[in-house]
Amino acid sequence: MALVIHAGKTNKNSFKALIAAEYNGVEVKLIPDFEMGVSNKTPEFIKMNPIGKVPVLETPDGPIFESNAIARYVARLKADSPLFGSSSIDYGHIEQWIDFASLEIDSNILTWYRPRIGRAAYLPPVEEAAIAALKRALGALNTHLASNTYLVGYFVTLADIIMTCNLLLGFTKLMTRSFTSEFPHVERYFWTLVNQPNFKKILGEVKQAESVPPVQSAKKPDESAKQKHKDEVKKEPKKEAEKEKPKAVVGEGEDEAPKPKPKNPLDLLPPSKMILDEWKRLYSNTKTNFREVAIKGFWDMYDPEGYSLWFCNYKYDDENTVSFVTLNKVGGFLQRMDLARKYAFGKMLVIGSEPPFKVKGLWLFRGQEIPKFVLDECYDMELYEWRKVDISDEAQKERVNQMIEDHEPFEGEALLDAKCFK
Ligand SMILES: N[C@@H](CCC(=O)N[C@@H](CS)C(=O)NCC(=O)O)C(=O)O
1283 MALVIHAGKT NKNSFKALIA AEYNGVEVKL IPDFEMGVSN KTPEFIKMNP
1333 IGKVPVLETP DGPIFESNAI ARYVARLKAD SPLFGSSSID YGHIEQWIDF
1383 ASLEIDSNIL TWYRPRIGRA AYLPPVEEAA IAALKRALGA LNTHLASNTY
1433 LVGYFVTLAD IIMTCNLLLG FTKLMTRSFT SEFPHVERYF WTLVNQPNFK
1483 KILGEVKQAE SVPPVQSAKK PDESAKQKHK DEVKKEPKKE AEKEKPKAVV
1533 GEGEDEAPKP KPKNPLDLLP PSKMILDEWK RLYSNTKTNF REVAIKGFWD
1583 MYDPEGYSLW FCNYKYDDEN TVSFVTLNKV GGFLQRMDLA RKYAFGKMLV
1633 IGSEPPFKVK GLWLFRGQEI PKFVLDECYD MELYEWRKVD ISDEAQKERV
1683 NQMIEDHEPF EGEALLDAKC FK
């Protein structure tokens, strides 16, 4: 019998249990037709959770409220679930990060978010303090994630599920790229997790907030605070626009009618004689004489006016101490580059026969610069140093050749793996 969660479809707190259920192969369903503010006010609901909040899980043995408790229950339904780690110290660390995710991350995000959607009175010093505390917590998380793929051990645990669901609200509603770029390891962690199949199935496509919502009036503001609050509401959108988007066009705001999707500027470039798909086909179909056929073909096709070549070096190679973690990291990068498939080709080499492994790449992009939408949308870009290839330099050209053909040894070292983006 499926367990049933009472909550709306977008409740990030119920996602914790739904994702844990995916990992454990347990059937958990959202109750259909849940209506916030109605379904959770009925006497039947109050019997299940006296505070009348969601989510609530109905089990054959009775209801459970509090989303972390529900997620723990679901995680525990499978004996020896890896979601609880593999030792007592793992378990201790998982609980540590669950508390951290709730008390240091979630509570500060909520204190920042609620007044902005009219669920609490907006008080600037309170918001400032919440943002400062959130930054402090994200800084600590960033330090931990600089040398750890996941929060505990080498696999996803319940701590990662709860942390990611709590970060989700921040990433999608408040924390713009300019805010999160201070915490590159948190960014890498968050995007890696939300793209895991068991997360993606529940969360769908996740998009980062492009601006902080302007402050809304609280629904029932206290009369004495009302006028002050009104004044702040008037001032706030401008202040926020200045802070987050220094060059924002006046009038840009959330109540604007949705605009038709603009054409990708790369489609407006003068046509190129190089047909990217032809190169990709040649690369894929050449099985022998790679140098004579594929590499020669590449330079015959290459259009230095319509395209540019770029070398990239991972900035944090000393973190690459575990081979499969390093390979996953590069695999994740290529997945996230999916948005650039029409305009790019790439090779990523994982170099070395023992850790720490080096990660270096070669990319071919349409146009003379790295496309802006790639820099904006693919957070991995800033984890690499980028250098434009000077094709008049024979040594650089030879390096391009060697990267395309997975030449081994590469710069004197064995290759652990070579991945291609095509
Ligand atoms: N600590 C609780 C928080 C629950 C909570 O705040 N739920 C909100 C929706 S996300 C709610 O039901 N609000 C309705 C209300 O306050 O009456 C948990 O993690 O389950």
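If you count by this note's numbering, then the sequence shown holds residues 1283 to 1704, one letter each, in order. No residue lacks a Cβ here, since even glycine has one placed at the ideal position from N, Cα and C. Computed from a predicted model, the values in this text were never measured in an experiment.
Between ligand 1 and Ser1349, a heavy atom-to-CB distance of less than 7 Å is present. With distances taken between CA atoms, Lys1642 lies nearest to Trp1592 out of Ser1674, Trp1592, Arg1623, Glu1676. Distances between the C-beta of Val1310 and the heavy atoms of ligand 1 are all 7 Å or more. Unbroken alpha helix (DSSP H) runs of no fewer than 4 residues, entirely contained in the segment 1619 to 1688, are found at 1654 to 1659, 1676 to 1686, following chain order. Assigned with DSSP and collapsed to three states, Ile1557 falls in coil, not helix or strand. Between ligand 1 and the CB of Lys1670, the shortest heavy atom gap is not smaller than 7 Å. Per DSSP, Lys1483 is one residue of the alpha helix (DSSP H) stretching across 1479 to 1485.
Taking Lys1555 as the centre and dropping the five residues before and after it, the same chain places the C-beta of Asp1585 closer than 6 Å to its C-beta, in chain order. In this structure the segment 1659 to 1677 touches the segment 1616 to 1624; the number of beta carbon pairs closer than 8 Å is three or more.
Counting only runs of 3+ residues, the beta strand (DSSP E) found wholly inside the segment 1325 to 1412 occupies 1338 to 1341, 1344 to 1347, in chain order. Taking 7 Å as the cut-off, the C-beta of Gly1400 does not count as close to any heavy atom of ligand 1.
If one requires a minimum length of 3 residues, no beta strand (DSSP E) run lies completely within the segment 1433 to 1491.
The C-beta distance from Ala1422 to Leu1433 rounds to 12 Å, too long to meet the 8 Å contact threshold. Annotated three-state conformation of Lys1704 is coil, per DSSP. Remark: three or more beta-carbon pairs, one from each stretch, lie closer than 8 Å, so the segment 1597 to 1616 and the segment 1627 to 1642 are flagged as touching. The DSSP-derived three-state label of Phe1692 is strand.
Contact annotation: Phe1572 and Glu1693 have beta-carbon atoms that are not nearer than 8 Å.
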